Amino acid sequence: MKIILIGFMGSGKTTVAKALAEKLNLEVIEMDDLIVERSGRKTINEIFEKDGEICFRELEIEICKELKNKDNIIVSTGGGVVMNKINIDFLKENGRVIFLKTPLKTIKKRLKNSKDRPLFQNKKNVKKIFNFRQKLYEEYGDLIIDTNSKTIDEIVINLINLL
Ligand code: S3P
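Set out below in structure tokens:
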């Protein structure tokens with residue numbers, strides 16, 4: 001089984017991936033961690049600052065390609081994975097893509113103090129990025145889980161019932 005979690009920054013991909021992996025006995029792949037490792041930098045902020053977003057996106061594509069042939073994993077993607085369709089093509093191969101749908105209002109509350117997401121720092125841009133990506137998440141998701149006002153346990157149970 002291969003499950004891919006997509007959704008905006010702060011939609012709970014990492015947390016849900018961990019909880020789901022425990023229930024289904026699968027390995028969690030945190031894509032952002034793999035990208036940082038591969039970049040030789042220490043943080044995502046550092047990659048964006050020193051190498052630029054394009055370099056980050058190239059590494060993201062590279063990792064998606066490598067995950068194509070892996071099985072028994074839950075992949076927690078970065079929110080921008082949908083910006084390159086090739087990523088989704090790689091990930092969808094024998095994998096199911098789940099969109100964790102969360103309203104921007106909730107996300108803003110959650111990420112109020114977040115400093116490690118370069119694309120969340122420019123507040124004016126966030127709404128634009130959110131609206132643009134929402135359509136892509138919906139298009140690429142095989143399943144959509146509305147996460148609003150649900151606990152992690154509820155999301156996981158909801159998901160398992162739908163798989
Ligand atoms: C990004 C989301 C981040 C990370 C990077 C870019 C984006 O991941 O990949 O900062 O473009 O939305 P999270 O969704 O885990 O915050």
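Going by the working numbering, the sequence shown opens with residue 1, and the numbers climb by one from there. Quick reminder that beta carbons are idealized off the backbone N, C-alpha and C, glycines included. As the structure is a computational prediction, the values presented were derived from the model and not from experiment.
Counting along the chain, K13 sits inside the alpha helix (DSSP H) bounded by residues 13-24. Judged by the Cβ position, G79 qualifies as a neighbour of ligand 1 at the 6 Å threshold, a heavy atom of the ligand being closer than this. If you check the C-beta of L111 against ligand 1, you find no heavy atom less than 6 Å away. About 12 Å separates the beta carbon of I6 from that of I74, a gap too long to meet the 8 Å contact definition. Under a 10 Å Cβ-count criterion, K50 is classified as exposed, with fewer than 16 other Cβ atoms of the shown protein chains found around its own Cβ. Boundaries of the alpha helix (DSSP H) around K135: 123-140.
Counting C-beta pairs closer than 8 Å gives three or more between the segment 19-35 and the segment 62-72, which meets the contact rule. Excluding residues up to 5 positions away in sequence, L5, L100, I152, I155, V156 lie with their Cβ nearer than 7 Å to the Cβ of V16 in the same chain.
For the beta strand (DSSP E) assignment, the uninterrupted runs of no fewer than 3 residues enclosed by the segment 57-104 are, from N- to C-terminal side, 73-76, 96-101.
Annotation: M83 to K18 spans about 24 Å, alpha carbon to alpha carbon.
Not one heavy atom of ligand 1 sits closer than 6 Å to the Cβ of L136. When C-alpha distances from M9 are compared across I3, K85, G80, I86, the shortest belongs to G80.
In this structure, T14 lies near S76, with their beta-carbon atoms less than 7 Å apart.
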